[in-house]
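Written out below as structure tokens is the structure these notes cover.
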Amino acid sequence: MLITAGNPGGGTARRVLVVALLAAALAGGWYYYQQSRQETEVHQRSGLVMGTFVSLRATGAAAPAALTGSLAELERLEAIFSYSLPDSEVSRLNAAAGRGPVDVGPEMVTVLLEAQRIAELSGGAFDVTIAPVVDAWGFRPEVTEQRVPEPDELSAALALVDYRLLRVDAAAGQAELLREGMAVDLGAIAKGYAIDRVVGILQAAGITSALVDVGGNIHALGLRPTGQAWRVGLQHPRDSQQLLGVLSLTDRNIATSGDYQRFFELDGQRYHHIIDPGTGHPAQAATMVAIVADTGMEADAVSTAAFVLGAQEGLALVRRMGLEAVLYTNDGQLQVTAGLQALFEDPR
Ligand code: AMP
Ligand code: MG
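Numbering (our numbering), first residue to last: 330 to 677.
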């Protein structure tokens, strides 16, 4: 979907925001390979939940009810993790910044603790307290006019970014932002947590073949009804008509982060939604990172972290954590980690 935000201020720059919601039928850069005839009993649901495009497909008699339950689950999670809904747990935590701890539910504790773990492991490249900077750039679905923030505004926002000033007390069921003005944004991790929940629902219903996609966070459950692995393609970051590669996956989570998912252009420069907390500017080193991990939550968070870190440090993080990745650098180099090479096809 292309939103043209016009020509504010009468300048010559044309600002274009690309929001990867419907383009996200490719959801964050994924195509699905065509279903074969044997797959006609595949049940499918799709919709816009958690601010993104969701596509769920599953096979078997239990599938229709389980898919309906899965969509309801995503809506329930949105009500907890949304940055924009005023009653969400995230909004309540943010509203209380600098004024003491707030009660949060166990799921919020789980996601915040994982966010803190990945923040530590990535040396702060992943930092959910990035929200004030994301706000300064206007990377919010409800904001139609993005802009490059003034240096003063950016440094004031950056001064509020520090995951070490987010305290989580699991035993007490509380979280706290230590400084007024701080805010958390779980946009880089909550969809991954949601994937894990949906997979749990499908498995509890006895479903053994499903493909779950929440905004480019994918779980390939079991095999396709044909008995083959699920085949998912990575969109080329600079050519939406082209595939960068196709991965064959079974019982794996994969998450993508890319600079083509949400961005605007100004004076020929691309500004996108994944921010390097070191600079407050969109991270420059990579154009696309896909991470394969044991949980959807980990895949989601690490894809964002590795995107910010770039090829060298990002792939070092992936190795340290025992994960797998596909990474495409800004200068057009494709890197595929050893454990994925046999599963990865380059269609070019
Ligand atoms: P993802 O698509 O999973 O890489 O997440 C990107 C979203 O996470 C952005 O739209 C922001 O809301 C948020 N975000 C941006 N930069 C960071 C960062 N360095 N660490 C954590 N979250 C971020
Ligand atoms: Mg992420």
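Ideal Cβ placement from N, Cα and C applies to all residues, glycine included. Since the structure is predicted, the reported quantities are computational estimates derived from the model, not experimental observations.
Sorting 563, 579, 578 by C-alpha distance to the C-alpha of residue 572 places 563 at the top.
Remark: the C-beta of residue 635 is outside contact range of the ligand AMP, defined as less than 7 Å to any heavy atom. About 18 Å separates the CB atoms of residue 650 and residue 440; that is not less than 8 Å, and the two are not in contact.
In this structure, the ligand AMP has no non-hydrogen atom nearer than 7 Å to the beta-carbon of residue 491.
Residue 387 and residue 661 have their C-alpha atoms some 36 Å from each other. Runs of the alpha helix (DSSP H) lying entirely within the region 524-586, each at least 4 residues long, are absent. The DSSP-derived three-state label of residue 479 is coil. With a beta-carbon spacing of about 24 Å, residue 431 and residue 403 fall beyond the 8 Å limit used to define contacts. For residue 506, the pairing in a beta bridge is given by DSSP as 495. The Cβ atoms of residue 457 and residue 444 sit closer than 8 Å to each other. Excluding five sequence positions before and after residue 436, the CB atoms of its chain that fall closer than 7 Å to its own CB belong to 409, given in chain order. Residue burial annotation: residue 461 is buried, with at least 16 other C-beta atoms found within 10 angstroms of its C-beta. For residue 617, DSSP records a beta bridge to 587, 657. Going by DSSP, residue 384 is part of the beta strand (DSSP E) stretching over 381-388.
The shortest C-alpha to C-alpha distance from residue 641 to any of 380, 396, 451 is the one to 451. With contact defined as three or more Cβ pairs closer than 8 Å, the region 607-617 and the region 576-596 are in contact. The three-state reading of DSSP puts residue 430 in coil, since its state is none of H, G, I, E or B.
Between residue 515 and residue 575, the gap from beta carbon to beta carbon reaches 8 Å or more. In the structure shown, residue 636 adopts helical secondary structure according to DSSP, grouped into three states. When DSSP reads this structure, residue 374 sits in a beta bridge with 385. Note on residue 414: under 16 other CB atoms within 10 angstroms of its CB, so exposed under the neighbour-count rule. Distances from the CA of residue 611 to each of 485, 636, 621, 596 were compared; the closest alpha carbon is that of 636.
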